[in-house]
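The numbers in the sequence shown follow our numbering, run straight up by one, and end at 293. Quick reminder that beta carbons are idealized off the backbone N, C-alpha and C, glycines included. Everything numeric in this text was worked out from a predicted model, so none of it was measured.
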Amino acid sequence: MDDFVLARVLHVLGVVLWIGGVAMVTSTLLPVIARMPPVFDRMDIFHRIEKRFARQARFTTLLVGLTGFYMIHVLDAWHRFTEIRFWWMHAMVLVWGIFTLFLFVLEPRVMHKKVSENAQQDPEATLARMQRMHWLLLSLSLITAAGAVAGSHGWSFF
Numbered sequence: 136m137d138d139f140v141l142a143r144v145l146h147v148l149g150v151v152l153w154i155g156g157v158a159m160v161t162s163t164l165l166p167v168i169a170r171m172p173p174v175f176d177r178m179d180i181f182h183r184i185e186k187r188f189a190r191q192a193r194f195t196t197l198l199v200g201l202t203g204f205y206m207i208h209v210l211d212a213w214h215r216f217t218e219i220r221f222w223w224m225h226a227m228v229l230v231w232g233i234f235t236l237f238l239f240v241l242e243p244r245v246m247h248k249k250v251s252e253n254a255q256q257d258p259e260a261t262l263a264r265m266q267r268m269h270w271l272l273l274s275l276s277l278i279t280a281a282g283a284v285a286g287s288h289g290w291s292f293f
């Protein structure tokens, strides 16, 4: 298999695992946890599940970043970042950058402690805030994925 084709296959599989996991957490896990009776330690349950998913998300974001930049390099497609019709490439880098920052810097070093403190004071508001953030990130990710598929097949929005 050609190196470029392998990179594309790994890139797409990485995106599917990563954003698919975000979709599952956003649309299924968080709503179920939010509806659990107060006797359950909902944040503890979320953190245990999230900890396991975070490993997958870290691996797949690294894979997606490496394969994405490799494909740009091989295609010598850096000029696309200067053209508005390739907005979806900017969006891919933005989404990747946001998740990479969250997964490798903010969540383990800042947010885990802050979220735990907030959950002690007001678990309902903390879960609601987490749900809103996840929906925002998932929406941005899905718009980006749709734009990338359409744009890479010749559709132009501009």
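Kindly indicate which residue of W270, T261, I207, S291 has the alpha-carbon position closest to the one of D179.
T261
Three-way DSSP call (helix, strand, coil) for S291 in this model
coil
Express the C-alpha separation of V160 and I207 in angstroms, rounding to a whole number.
30 Å
Provide the residue span of the alpha helix (DSSP H) that contains D138, from first to last.
138 to 159
Apart from the five residues just before and just after A283, which ones in its own chain have a Cβ nearer than 7 Å to its Cβ?
W223, M227
Under 7 Å between the Cβ atoms of L229 and A158?
no
When we look at the beta-carbon of I154 and count the other beta-carbons within 10 Å, is it buried (16 or more) or exposed?
buried
Give the C-beta separation of A241 and Q191 to the nearest angstrom, bearing in mind that I take them to be a contact with Cβ-Cβ under 8 Å.
The amino acid at residue 241 is misidentified as Ala; the sequence shows Leu. That pair is no contact at about 18 Å.
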